[in-house]
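> The structure under discussion is supplied below as structure tokens; questions concerning it will follow.
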């Protein structure tokens, strides 16, 4: 359905999956076939309450179905052949405010070229969520299903592009996520209603860029808040927040009919000590250089 200020779209899909496995043990072979099917409806709505469409509202409700991948099932020391498909009911409501500005405002050049603000609030009910989980041995992980997980959160993202002088570009982008993802499978377990492993409540990023002709310089900041490395949210499993800063400088040019881009990077500028995953320390300050060629 389409209207100048409103449109809606719906879909209904039926999925059929046959998973056939051949096993050999003690000189005997067997063939195991699993039949899976799922009906996945979806509804998407967009509305434009203002005539200039600077503001857009959006919402969707859908059911999703995900089969385990081949690696999820069979990868050495990681795969779990008993994994069940993941099913999720997802609901989202959000808005976008975007104001692209022209080359000039009256007789003067417009300083602000574009402003964009995007926000989404969502709720997911996930059954048999597929996650990677530590076995308790260093460097040993496995895939498993979490019976039922309720996820609610909010994503906020803002962007701005500026052009204060000719050939000079300034840009900024900030992003924040709040996510509450709780295991509600079994009320008798000690981790019932606890945050699932390695999902921080708060995370975000910020990027500032400066460009002049073919040169571009960027500073980025990443942050991940407190989280837990096991299913129980106890002090023994607590992991502190981490953050890092990165710098990059690039130069673009054309030669011999090809487009070149040289990129220099300094990652973890302040040489922070942090683990994204327990016992997997990340590199301190490190450097990189790359050359991209477009033909």
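In my numbering, the protein residues as written are 87 to 381. Every residue, glycine too, gets a C-beta built ideally from N, C-alpha and C.
If contacts are defined as beta-carbon pairs under 8 Å, then residue 241 and residue 272 qualify, I think. What distance do you get, rounded to the angstrom?
Residue 241 to residue 272, Cβ: 30 Å. No contact.
> Please classify residue 325 as buried or exposed, where buried requires at least 16 other C-beta atoms within 10 Å of its C-beta.
buried
> Using a Cβ-Cβ cut-off of 6 Å (strictly less than) and excluding sequence neighbours within five positions of residue 372, which residues of its own chain qualify?
353
> CB residue 175 to CB residue 210, shorter than 8 Å?
yes
> Suppose you measure from the CA of residue 233 to the CA of residue 151; what does that come to, to the nearest Å?
Whole-angstrom Cα-Cα distance: 15 Å.
> Just mark residue 99 as buried or exposed, buried being the case when its beta carbon has 16 or more other beta carbons within 10 Å.
exposed
> Comparing alpha-carbon positions, which option in 155, 257, 185 and 342 lies nearest residue 139?
185
> So, with DSSP's three-state summary, where would you put residue 246?
strand
> Does chain B have any CB closer than 8 Å to the CB of residue 170?
Among the chains in the structure shown there is no chain B, since it carries only a single protein chain.
> Which stretch, first to last residue, makes up the alpha helix (DSSP H) that contains residue 158?
156-160
> Nearest to residue 356 by alpha carbon, out of 306, 320, 169 and 137?
306
> With DSSP as the reference, label residue 282 as helix, strand or coil.
coil
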